[in-house]
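Student: Position 4 (the sequence shown) corresponds to 126 in the working numbering; numbering is contiguous.
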Amino acid sequence: MAHPDGPNISPANCPKCGYKNMDTATDVEGTAVAPKPGDVSICWGCGGLLVFDEGMRMYAPSRAELDRIFEEAPPDTLRKIAVAKLAIMLRRHK
Ligand SMILES: [Zn+2]
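#1: Give a yes or no on whether the minimum CB-CB distance between Cys139 and chain C is below 8 angstroms.
#2: For Phe192, which residues of its own chain have a beta-carbon under 8 angstroms away from its beta-carbon, when the five flanking residues on both sides are left out?
#3: Answer with buried or exposed for Leu110, where buried requires no fewer than 16 other C-beta atoms within 10 angstroms of its C-beta.
#4: Is Tyr141 near ligand 1, with its Cβ less than 7 angstroms from a heavy atom?
#5: Considering only C-alpha positions, which residue in the set Pro157, Ala195, Trp166 and Ser184 is nearest to Phe174?
Written as structure tokens, this is what we have:
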């Protein structure tokens with residue numbers, strides 16, 4: 123799905139579901155932003171949480187890394203992640 127401000131990242135497929143050619147990253151408000159290594163992303167296809175590595179490739183974080191992400195994220199960000207994941211899941215079941 124094209125974003126009016128994108129693309130802003132190198133096209134990549136989701137390592138969890140294979141969703142193809144993700145090429146735009148936004149913040150939790152939907153504004154296109156330039157992510158940096160360590161930033162968390164959500165796959166538009168499966169809602170899976172992904173992390174950008176030093177080469178700006180997305181990978182599926184380990185359980186321990188996910189635990190650390192959830193411990194360190196501000197509560198408001200966690201709420202927005204949950205809302206985004208729910209919206210993606212509901213879209214998939216239309
Ligand atoms: Zn995915």
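For each residue, glycine too, the CB sits at the ideal point set by N, CA and C. Small disclaimer: the values here were computed from a predicted structure and weren't measured.
Tutor: Taking the geometry as given:
#1: Annotation note: the requested chain C is absent from the structure, which comprises a single protein chain.
#2: Leu200
#3: Since the displayed the chain opens at 123 and closes at 216, residue 110 lies outside it and no answer follows.
#4: yes
#5: Pro157
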